[in-house]
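Protein chains: 4
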Amino acid sequence: MAEMVRETLTLEGHLIDSDILRRVFDRVVEEGGEFEVQEFRVGRTNDEPSYTRIEVRARDEEGLDHILEALRYLGATSQVADCRFAPAEQDGILPDDFYSTTNFDTSVRIDGRWVTAADQKMDSALVLREGVPHCVKQRQVRQGEKVALRGPGIRVRPLERSRDYAVFGFMSNDVSAEVNKAIVIRAAAREMKRVRAAGERIVVVPGPAVVHSGGAPALAGLVRDRWVDVILTGNAFAVHDLEKAIVGTSLGVCQTSGRSVEGGSRNHLYAINAVNRLGGVRQAVEAGLVKSGVMYEAVRHGTPFVLAGSIRDDGPLNDVVTDTVVAQKAYLEALRGAGCCLMLASALHSIAIGNLLPARVRTICVDMLESVPVKLGNRGTMQAIGLVTDVGYFLERLAVELQTPLP
Amino acid sequence: MAEMVRETLTLEGHLIDSDILRRVFDRVVEEGGEFEVQEFRVGRTNDEPSYTRIEVRARDEEGLDHILEALRYLGATSQVADCRFAPAEQDGILPDDFYSTTNFDTSVRIDGRWVTAADQKMDSALVLREGVPHCVKQRQVRQGEKVALRGPGIRVRPLERSRDYAVFGFMSNDVSAEVNKAIVIRAAAREMKRVRAAGERIVVVPGPAVVHSGGAPALAGLVRDRWVDVILTGNAFAVHDLEKAIVGTSLGVCQTSGRSVEGGSRNHLYAINAVNRLGGVRQAVEAGLVKSGVMYEAVRHGTPFVLAGSIRDDGPLNDVVTDTVVAQKAYLEALRGAGCCLMLASALHSIAIGNLLPARVRTICVDMLESVPVKLGNRGTMQAIGLVTDVGYFLERLAVELQTPLP
Amino acid sequence: MAEMVRETLTLEGHLIDSDILRRVFDRVVEEGGEFEVQEFRVGRTNDEPSYTRIEVRARDEEGLDHILEALRYLGATSQVADCRFAPAEQDGILPDDFYSTTNFDTSVRIDGRWVTAADQKMDSALVLREGVPHCVKQRQVRQGEKVALRGPGIRVRPLERSRDYAVFGFMSNDVSAEVNKAIVIRAAAREMKRVRAAGERIVVVPGPAVVHSGGAPALAGLVRDRWVDVILTGNAFAVHDLEKAIVGTSLGVCQTSGRSVEGGSRNHLYAINAVNRLGGVRQAVEAGLVKSGVMYEAVRHGTPFVLAGSIRDDGPLNDVVTDTVVAQKAYLEALRGAGCCLMLASALHSIAIGNLLPARVRTICVDMLESVPVKLGNRGTMQAIGLVTDVGYFLERLAVELQTPLP
Amino acid sequence: MAEMVRETLTLEGHLIDSDILRRVFDRVVEEGGEFEVQEFRVGRTNDEPSYTRIEVRARDEEGLDHILEALRYLGATSQVADCRFAPAEQDGILPDDFYSTTNFDTSVRIDGRWVTAADQKMDSALVLREGVPHCVKQRQVRQGEKVALRGPGIRVRPLERSRDYAVFGFMSNDVSAEVNKAIVIRAAAREMKRVRAAGERIVVVPGPAVVHSGGAPALAGLVRDRWVDVILTGNAFAVHDLEKAIVGTSLGVCQTSGRSVEGGSRNHLYAINAVNRLGGVRQAVEAGLVKSGVMYEAVRHGTPFVLAGSIRDDGPLNDVVTDTVVAQKAYLEALRGAGCCLMLASALHSIAIGNLLPARVRTICVDMLESVPVKLGNRGTMQAIGLVTDVGYFLERLAVELQTPLP
């Protein structure tokens, strides 16, 4: 024991009800270390922060470094020192020792001052631009830019559990089909109203199942009633929605039976062809080809949308951003100011957007499968509430709840 | 009844055991029509084709057209007439009346002769190039090219059920977790040997879960033993595989717990950074950075791979084709000569590749979820056998079976 | 080939659109035999039956017997001969060569006359009682009763696909989350109205998830409006429903969060205790303890219910039939006259009831998981339409549709 | 605020790393109360317990009671007072104010002394028998027996997270298909060896899918090698296993195709009939009818098994305990001394056994569906580790791991 290396850390915040302290203890033990709590002041009430000073011990320097790095992701601070930086070697190539961000708010110590990082999102480098650290995706870093290195001088503020248990906080991290769906949907509606009142934006990420499941009219209604500030999706959702609008009842078969009938997918291509001939979605609405649906309402009300390309696309529509790196940038722009995000039956786009959102954005992930919100959580979008239900049901009930005034 | 419009059709082939005749009857009735079988000669043995002549009746011309179009997708031929063509209006814009292909072998009647279409795949236009109809994805059609129109002169040959019940045919269209997996895996191995003997190619489409689930060493072994002719996947699978190879045991945590631990995803970015710094996957193997795994074996043995970009990518690797339209073309090229396709726990890429394969390619889709092979079937990849199991299990057993000589 | 054994069979009915002929061909080939179609007359229109005479060949007598037995389950008849019978050896013990029933209507040839079996259900013996063959579950057969043996003299009439494509027939055997749920629910409502008009009975089989998911008020409404003729379920559904009625808003926590909170399951036991103290469900309603919910409406309107015991029961309620053999008999009695069956999110009871229903009863199986209707089909309840959605959604929409008069 | 009612509580134990303190704070706030931490001594190292004294405030007495009851389930103690008791009104009828147990170890204060409850399991009454409180299922309580009432004098000791992170503790409460299965299976094998060394018993709960999936030979091997001390299941698993043993290769079809083929379920009934004719499973093994499989090995090695009846049973076998209340008692007896429990693809029996086990029994739940372990956790069996994989894979790898000596 005598030969162990050790370091003293401090943590401050809602250490217990944000579950920080437990995870700190866990990580120390998991990494083969030991700890001793030297001081602990618990927040006496549910508004007061707690404070602790902990000595962490490990067998060698390398082990201690591992532990310290993990604990820094939980908000621990050790020696008070400035953050170190090194230049990006080439465009898109970081120094090996780069710090990789989480989606929690992060501060960087520069010249003795803690500066909050801009554009918070996970799995990014912290790049110094005009004196301010920015979260920048690897590929967007330019040669020579100063990139923060892991080690001292970086501090994260893990998400606090919501104090407002009546809204979203009450079931975070739980995923189950066994809840009273109506209650969760009511909470989502309340959250949307709060976000709207706060002047933040509501992002909707619909998958093609929204159309399959019969939820498109409800979603179109939400766009019409201005409950949607931006739509982020791919080619498939847009085409399904347009196809329904253009081929109307003669689409029939597929909407009736849910089966891929002989020749049925021709309608899909027909819709793409007709829209692309006019130039794109906006032109198709303006020309009167498209007279209903989610995309129609989006164009009519000026709701911005970004369609990201994917390898399985038919067509695609001219509106689709086929380069995925460019599309990711467009998503990022569109997400500015987001206060709330509805992920609707689209595993691909939900995970993509989870990668781009700060954890503080209230997020609900609606899917028929428990595995989608579970995956989302596994990939770090811990804030997403999983609601395992039919997306059509969700949208219809949500529309009703949004019309109900708050008590 | 007197005022009904009518037309006489003929069909030839394995009308009963390929389930064609039943679907013909179904479609006539579903579309509100009536039929009268005027002649029927059943194949007397299981090698002889059947033949039938049917009169179809509908209330009006439009209804009859609908029925005829559907039946043509099932192989019905009516008036003997040449196929009609019209020029593509612009690059990527088809005449409204274009014929949309299935993944079944298709013939086009030109100047009184039936010509087999090249590059058979679903949801394509039939474009006349040097006198031969080619299946061409909408966006790849050039202005002025002659595009086949729906109507007479196009004939498909729906997939016949395999006569070789010992191999794949025995459970096509069935999807269930309730099968003896060992037996299905044995059949897959037999099929791979048959394909190999026939000089056709084996395509593997692995998702990141192959690495998560512990199946990567088995897949690397298959590549090493030359059981894999081409790997089609995305950034995520490749990065997971490389990360495991590069960060080795210090990746540790994630491979131990399966959780996205604090700071754990840094390893992901680190691997991308290290590989991209050297130029890409091949260079990383040649430089000795990567010394094991699927990508390593692929480089070492010259197994081609295509990595298609997606909106949720970290990085991505320099090898990734970020433009999805370009990536689709690269997939198409890589699929030439395919005789067998293993789709391994990747919904996105499986559906993408189903869109590009002729139905005659023997396909097995391994996933933990019944919904993935169900979706694949819904989208027209009817030939895919769904095996609901752990992909790691599949790969380990498959490797054993491939070493077992046939009896 | 010369030394092959052979036999000639005839089949009559909707051989093609009921998919019989294809399965006949399949089975012959799967079992290693060969066939030759000696005569085939196809039904010329969609109302006319077809007829065929087929010679089947196998390598030896045993192989031929296998094939013939399989084909008999598909309705094939060979030599015209009476059915053979042998006495049950003991109570519940059948002669080894017993015939095992399907859920398709079955006739038995006795003294040269075809007699329709009574109480048709799968996996039963055919026992002669007062000259009529009855489908009797193994354990209910009494010593010395005459039991039909497999071989000639037994004929089944496989289910014909519904000609009424607007109702249930259109998607039988298909299971997918990717359908427009509203359309399927509308069809279910139409079917319930048809059944009601025909004087048949509507059976509902609810699982506890009906209460969890918030669907209980809608189901209670259906009982109140007399759309439910019998409720077959277990202890759990009834207790959840009663608990909600008795503990009301103080149940609170669980209905709010969907989690099993500390001490929360006490309410479950409290409800059981309170109901059992009064004697049972009926008494609890009469005493005014229970004033709402599905069980309340059932008691008030005299809707019969059977609660079958299971190994995971809390309590159970005094009303529960704890002996599963006795409960199965009670279910059987309650199912007489059934024309339609709604299986609502209960895998256990759905499979149990599938075992007891003739295939002609229109059945819909609503579940969040594709695997439940898939299992149901695997176990022979082929007639069940799988609807993959939230049961709460199903019930709310169904209630609306049932109030909508038919056009 | 002045008019709030208040009470002071103390808690002791691993309050932070067992996640107790966070849940205490949560529950106070969720129930509308407030708290003030008056004293807190954190365990300085990972072996020392923590201690806290908290004042809880609520708006009224009823609210305070709610909070106190919830906190008692988390181990909080308030006034030091003896537990109150009241007599059971009738057989199976408890006083309304009964205390309902959890599966955590519980102590009851009697005459100033804390006495540990016997037969710990959830959802039971605490009945005083010979001076010791016993956990007794509601229905087993006899009239006049003294039943503990909720309120002071009852203390639970919530499960501590395992300190031995190399074994089971590392992923408790996590459910995901996205783990390296091999690592989890290795941990399960280690746990079985530990349990064996400690002289505790290993309980296996197999569902019929063990046979379907091809895992039966591996499980039979475990029984043969004495890794299984008791088998708790139902009729279906036993019949599937026996059917495979008896009908051998002629079962064929079903084992080959996984489909319910025409007439295929006759083999199921045949096996039941043959076994019951001889008297039961033991007799069928002794008579040489059954020569392989799990049940065969169990009989040969004297491994006890209990088969509980269910409403969906065919037959059932004579060995089946058809009365579910009696079967539950038999399960309980069989579970004495359990140290480890493997739940293998059987939702029904897994939940049943979770109801009967103390939380300290290490439990792993293997299923293809995330929803099964999620449900198990929702119902209070929090200790169960969910492993989402193919049960056949699990058993084969487990057998290999158990043969590997510990390093």
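Chains as they are written, first to last, in the numbering used here: chain A, 1 to 407; chain B, 408 to 814; chain C, 815 to 1221; chain D, 1222 to 1628. The C-beta atom is built at its ideal place from N, Cα and C for all residues, glycine as well.
Legend entry - residue 735/B, buried or exposed, once every other Cβ within 10 Å from all chains shown has been counted against 16: The count along the second sequence starts at 1 and reaches residue 735/B at position 328. So residue 735/B counts as buried.
Inset, instruction - Can you grab the Cα-Cα spacing for the pair residue 448/B / residue 896/C, in whole Å? - result: Here the question's residue 448/B lines up with position 41 in the second sequence. Here the question's residue 896/C lines up with position 82 in the third sequence. So the alpha carbons of these two residues sit roughly 33 Å apart.
Inset, instruction - Determine the burial state of residue 1560/D: buried for a count of at least 16 other Cβ atoms within 10 Å of its Cβ, exposed for fewer. - result: Within the fourth sequence, numbered from 1, the residue matching residue 1560/D stands at position 339. Its Cβ being crowded by 16 or more others within 10 Å, residue 1560/D is buried.
Legend entry - Cutoff 8 Å: residue 251/A Cβ touching any chain D Cβ: Walking along the first sequence from the start, residue 251/A turns up at place 251. For residue 251/A, the pLDDT reaches just 40, beneath the cut-off of 50, and the residue's location in the model is therefore unreliable, although a value from the coordinates is still provided. With 8 Å as the cut-off, residue 251/A does not count as an interface residue toward chain D.
Inset, instruction - Put residue 1054/C into one of helix, strand or coil per three-state DSSP. - result: Position 240 of the third sequence holds residue 1054/C. Reduced to three states, the DSSP call for residue 1054/C is helix.
Legend entry - Residues that residue 521/B bridges to, as DSSP identifies them: Here residue 521/B is taken as the residue at index 114 of the second sequence, counted from 1. 516/B, per the DSSP bridge assignment.
Inset, instruction - Please list the partners that residue 433/B has in chain C, where partner means a Cβ-to-Cβ separation under 7 Å. - result: Here residue 433/B corresponds to residue number 26 of the second sequence, with the count starting at 1. Here the neighbours are 831.
Inset, instruction - Report the residue from 1312/D, 1345/D, 1514/D whose alpha carbon sits nearest the alpha carbon of residue 1427/D. - result: Taking the first residue of the fourth sequence as position 1, residue 1427/D is located at position 206. When each option's Cα is compared against that of residue 1427/D, the closest is 1514/D.
Inset, instruction - Report the residues of the segment 1091-1108 of chain C with a CB closer than 8 Å to any CB of chain D, ordered along the chain. - result: 1091
Legend entry - Bridge partners - residue 448/B, DSSP secondary structure assignment: Numbered from its first residue, the second sequence carries residue 448/B at position 41. Residue 448/B is bridged to 458/B.
Legend entry - Under 7 Å by beta carbon: chain C residues contacting residue 390/A: Translated into the one-based positions of the first sequence, residue 390/A becomes position 390. Ordered by position in chain C, the residues that pass the 7 Å Cβ test against residue 390/A are 995, 1203, 1204, 1207.
Inset, instruction - Answer yes or no: do residue 311/A and residue 759/B have a C-beta to C-beta separation smaller than 8 Å? - result: Counting from 1 along the first sequence, the entry for residue 311/A is found at position 311. Counting from 1 along the second sequence, the entry for residue 759/B is found at position 352. Closer than 8 Å, so yes.
Inset, instruction - Output, in chain order, the set of chain A residues within a Cβ distance shorter than 9 Å of residue 1242/D. - result: Walking along the fourth sequence from the start, residue 1242/D turns up at place 21. Contact of residue 1242/D with chain A by beta-carbon distance below 9 Å involves 16, 17, 21, 22, 42.
Legend entry - Contact list for the segment 1584-1608 of chain D against chain B, Cβ threshold 8 Å: 1589
Inset, instruction - Note down, one range per segment and in chain order, each beta strand (DSSP E) of at least 3 residues found wholly within the segment 1501-1535 of chain D. - result: The DSSP assignment places complete beta strand (DSSP E) segments of no fewer than 3 residues inside the segment 1501-1535 of chain D at 1526-1529, in order along the chain.
Legend entry - Given residue 1150/C as reference, the closest of 1015/C, 965/C, 1182/C, 1162/C once Cα atoms are compared: Against the third sequence, residue 1150/C aligns to sequence position 336. It is 1015/C whose Cα lies nearest to the Cα of residue 1150/C.
Inset, instruction - List the residues of chain C whose Cβ lies closer than 8 Å to the Cβ of residue 1576/D, in chain order. - result: In the fourth sequence, the residue the question calls residue 1576/D occupies position 355. Result: 1126, 1128.
Legend entry - Beta-carbon contacts of residue 117/A that lie in its chain and below 8 Å, excluding the five residues immediately before and after: In the first sequence, the residue the question calls residue 117/A occupies position 117. Once the five neighbours on either side are set aside, the close Cβ partners of residue 117/A are 101, 105, 106, 107, 108, 126, 132, 133, 134, 135.
Legend entry - Per-residue contacts from residue 1119/C into chain B (C-beta, under 7 Å): For this step, residue 1119/C is matched to residue 305 along the third sequence. Near residue 1119/C there are no residues of chain B at all, since even the closest Cβ is about 31 Å away, more than 7 Å.
Legend entry - C-beta atoms of residue 363/B and residue 798/B nearer than 8 Å: With chain B represented from 408 up to 814, any question about residue 363/B goes unanswered, as that position is not in the structure.
Inset, instruction - Could you tell me whether the segment 82-98 of chain A touches the segment 31-39 of chain A, where touching means 3 or more Cβ pairs closer than 8 Å? - result: No, they do not touch.
Inset, instruction - Determine, using beta carbons only, whether residue 903/C and residue 1498/D come nearer to each other than 8 Å. - result: Here residue 903/C refers to the residue found at position 89 when the third sequence is read from its first residue. Here residue 1498/D refers to the residue found at position 277 when the fourth sequence is read from its first residue. Taking 8 Å as the Cβ cut-off, residue 903/C and residue 1498/D qualify as a contacting pair.
Inset, instruction - In angstroms with no decimal places, state the Cα-to-Cα distance between residue 1087/C and residue 362/A. - result: Within the third sequence, residue 1087/C is the residue found at index 273, counting from 1. Within the first sequence, residue 362/A is the residue found at index 362, counting from 1. In a straight line, the C-alpha of residue 1087/C is about 42 Å away from that of residue 362/A.
Inset, instruction - Indicate whether at least one CB of chain C lies closer than 8 Å to the CB of residue 1394/D. - result: As a position in the fourth sequence, residue 1394/D is number 173, starting the count at 1. Only weak support exists for where residue 1394/D lies, its pLDDT of 42 falling under 50; the coordinates are left without a value.
Legend entry - Residue environment, residue 964/C, which counts as buried when at least 16 other CB atoms sit within 10 Å: Counting from 1 along the third sequence, the entry for residue 964/C is found at position 150. Residue 964/C comes out buried.
Legend entry - residue 829/C versus residue 1591/D - alpha carbon distance: Counting from 1 along the third sequence, the entry for residue 829/C is found at position 15. Counting from 1 along the fourth sequence, the entry for residue 1591/D is found at position 370. Approximately 42 Å, taken between the alpha carbons.
Inset, instruction - Go to residue 1564/D, then tell me how far its alpha helix (DSSP H) extends in each direction, as first and last residue. - result: Counted from its first residue, the fourth sequence places residue 1564/D at position 343. No alpha helix (DSSP H) holds residue 1564/D; the beta strand (DSSP E) holding it covers 1559-1565.
Legend entry - For residue 724/B and residue 697/B, believed in contact at Cβ under 8 Å, the rounded distance: One-based indexing of the second sequence puts residue 697/B at position 290. One-based indexing of the second sequence puts residue 724/B at position 317. Incorrect: roughly 12 Å between the Cβ atoms, too far for contact.
Inset, instruction - Check residue 414/B in the structure and name its three-state DSSP category. - result: Looking up residue 414/B in the second sequence gives position 7. In this structure, residue 414/B counts as strand in the three-state DSSP scheme.
Inset, instruction - Kindly indicate which residue of 1454/D, 1489/D, 1452/D has the alpha-carbon position closest to the one of residue 1461/D. - result: Translated into positions along the fourth sequence, residue 1461/D becomes position 240. With distances taken between Cα atoms, residue 1461/D lies closest to 1489/D.
Legend entry - Partner residues on chain A for residue 1266/D, Cβ-Cβ distance less than 9 Å: For the purposes of this step, residue 1266/D is taken as the residue at position 45 of the fourth sequence. Within 9 Å Cβ-Cβ: 34, 35, 36, 37.
Inset, instruction - Taking the CB atoms as reference points, tell me whether residue 1575/D and residue 1079/C lie closer together than 8 Å. - result: Reading the fourth sequence from its first residue, position 354 is the one you call residue 1575/D. Reading the third sequence from its first residue, position 265 is the one you call residue 1079/C. In this structure, residue 1079/C does not lie closer than 8 Å to residue 1575/D by Cβ.
Legend entry - Minimum Cβ-Cβ distance from residue 1481/D to chain C less than 8 Å: Residue numbering aside, residue 1481/D sits at position 260 when the fourth sequence is read from its first letter. The predicted model places residue 1481/D with a pLDDT of 42, which falls under 50 and marks its position as unreliable; any figure quoted below should be read in that light. Chain C contact via Cβ: present.
Legend entry - Members of the segment 1018-1051 of chain C that neighbour chain A once the beta carbon cut-off is set at 7 Å: Those residues of the segment 1018-1051 of chain C placed with their C-beta closer than 7 Å to a C-beta in chain A are 1023, 1026, 1027, 1028, ordered along the chain.
Legend entry - Which of helix, strand or coil DSSP assigns to residue 1316/D: Counting from one through the fourth sequence, the residue named residue 1316/D turns up at place 95. Residue state, collapsed to three classes: coil.
Inset, instruction - Could you check what DSSP says for residue 1578/D in three-state terms: helix, strand or coil? - result: To locate residue 1578/D, count along the fourth sequence from 1; it is residue 357. DSSP places residue 1578/D in coil when its eight states are reduced to three.
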